[in-house]
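I have placed the structure first, in the form of C-alpha cells, so that the comments after it can refer back to it.
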Amino acid sequence: MSPLRITTRDAATGPVLEITGEFDYTNATELRDLLGTLTLRPGRRLVLDLAGMTFCDSSGITALIAARNHVHAAQADIALAAVPANTLRILRIVGLDQIFPLYPDTDAATRS
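Using my numbering, you'd call the opening residue of the sequence shown number 2 and step up by one each time.
Below is the structure:
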C-alpha cells in the first residue's frame, strides 16, 4: 500500500497538484479538502499531475469529478496530466476523457 501524497506548486497557468500513491475511498476527501484552500481565479488552470498515482478507485474518480465541478464554479479550467494507463482506460470507458482535457505531462498541460 502506497499512502496518498498531494503536493502543491505554482505554474504560470495556475496551481499544479501532484498526486502520488493510492487514491481511494480512504483518502479521496483529501483532494476535496485541499481544493477549498486553493485560490482559483477565472481563466486560470488547475493541473492534476497523476504521474505518481499507483491506484485509483471509484472514490478517486468521484473526487476528480468534484474537483472539476469546483474549478468550473470558480470559472477556471482543469487538466489531467500523465494519467496512468489503468486509470486512463477507466476514464475512457465511462466517457470522462471527453470532459477532462488530458495531457501527456505537466509541461504540456501548463503550456496550453
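Here a beta-carbon is modelled for each residue, glycine too, at the ideal position from N, C-alpha and C. Computed from a prediction, not measured in an experiment: that's the story for all the values here.
Between the alpha carbons of ARG90 and ALA52 lies a gap of roughly 15 Å.
For SER60, the CB contacts under 7 Å within the same chain, skipping 5 residues up- and downstream, are ASP25, TYR26, ALA29 in chain order. Counting only residues of its own chain and dropping the five nearest sequence neighbours on each side, THR88 has a CB closer than 6 Å to the CB of CYS57. Taking MET2 as the centre and dropping the five residues before and after it, the same chain places the C-beta of GLU23 closer than 7 Å to its C-beta, in chain order.
Out of ILE94, ALA86, VAL95, the CA that lies nearest to the CA of TYR104 is found in ALA86.
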